[in-house]
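Which chain is which? The protein sequence lines are A and B, in order.
Under this note's numbering, think of the first position of the first sequence as 20, with each following residue one higher.
Under this note's numbering, think of the first position of the second sequence as 56, with each following residue one higher.
C-beta atoms are modelled at their ideal positions from N, C-alpha and C, and glycine is treated no differently.
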Amino acid sequence: NAGVTQTPKFQVLKTGQSMTLQCAQDMNHEYMSWYRQDPGMGLRLIHYSVGAGITDQGEVPNGYNVSRSTTEDFPLRLLSAAPSQTSVYFCASRPPGGGYGYTFGSGTRLTVV
Amino acid sequence: ELKVEQNPLFLSMQEGKNYTIYCNYSTTSDRLYWYRQDPGKSLESLFVLLSNGAVKQEGRLMASLDTKARLSTLHITAAVHDLSATYFCAVDINYQLIWGAGTKLIIKP
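See below:
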């Protein structure tokens, strides 16, 4: 049981490049989400999904796209990287209902130069 | 605007002492989380609080939720160095987590 797996762990991009951050979970969780964490701040929600085929915007969606074609995978695409997107990105998932918290991946540290 | 405010943002304390971290939020929610984060690491779930009056304890940490006051507390009893970390509260609004800025806790021997 791997939990939530994020790849890559580190990435350096040049301004204007695009890339996809991968997130996969093997717990059959319906809810998945992407957050960014900037120094001295709490996490901010980028996009989230309540099930396969369903996505929605969070607090800071500009510059990012997502899709959810399967329950397991929830990739985050940076369309044209900007220095303001330098951050640590976390993917999280949880099952519906009950007293369960979100399980977080190990994070992707992204630097845009 | 949805806001989650934690205080204090920084706390330095001696081992053996007790202290409380406060988490206030601005909108109705019946689901609140506490997480711990060590430097350079991911977030570890500590508590899930689901209803008014909920109280949960794990070791030296105890969390409570007052939905009427829109307030949650994380109480640390007889702190030990291993509890040094940053603690976050997060409020769940329709599957969207709104986070506090975090409380950086340093416990000195």
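DSSP, reduced to helix, strand and coil, places Gln104(A) within a helical segment of the structure shown. Chain A has a Cβ within less than 9 Å of the Cβ of Ile153(B). Shortest Cα-Cα distance from Ile65(A) to any of Val31(A), Pro94(A), Thr34(A) and Ser37(A) involves Pro94(A). Burial is judged here by how many other beta carbons sit within 10 angstroms of a residue's own beta carbon; Val146(B) has at least 16 and is buried. Between Leu57(B) and Thr82(B), the beta carbon gap of about 5 Å places them in contact (Cβ cut-off 8 Å).
For Glu60(B), the pairing in a beta bridge is given by DSSP as Asn79(B). No residue range can be given for Tyr121(A), since it is assigned to no beta strand (DSSP E) and is classified by DSSP as neither H nor E.
With its beta carbon at least 9 Å from every one in chain B, Thr89(A) lies outside the interface. In this structure, Trp53(A) places its C-beta atom within 9 Å of the C-beta atom of Leu40(A). Taking C-alpha positions only, Asp137(B) is separated from Gly35(A) by approximately 42 Å. Between the alpha carbons of Ser37(A) and Ala118(B) lies a distance of about 42 Å. Closest by C-alpha distance to Asn84(A), out of Glu91(A), Gly118(A) and Arg96(A), is Arg96(A). The three-state secondary structure of Asp137(B), taken from DSSP, is helix. Membership of Asn84(A) in the beta strand (DSSP E) is indicated by the continuous run Tyr83 to Val85.
Taken atom to atom, the span from the alpha-carbon of Tyr80(B) to that of Arg125(B) is near 6 Å. Per the coordinates, the alpha-carbon of Ser88(A) lies some 11 Å from the alpha-carbon of Ser68(A).
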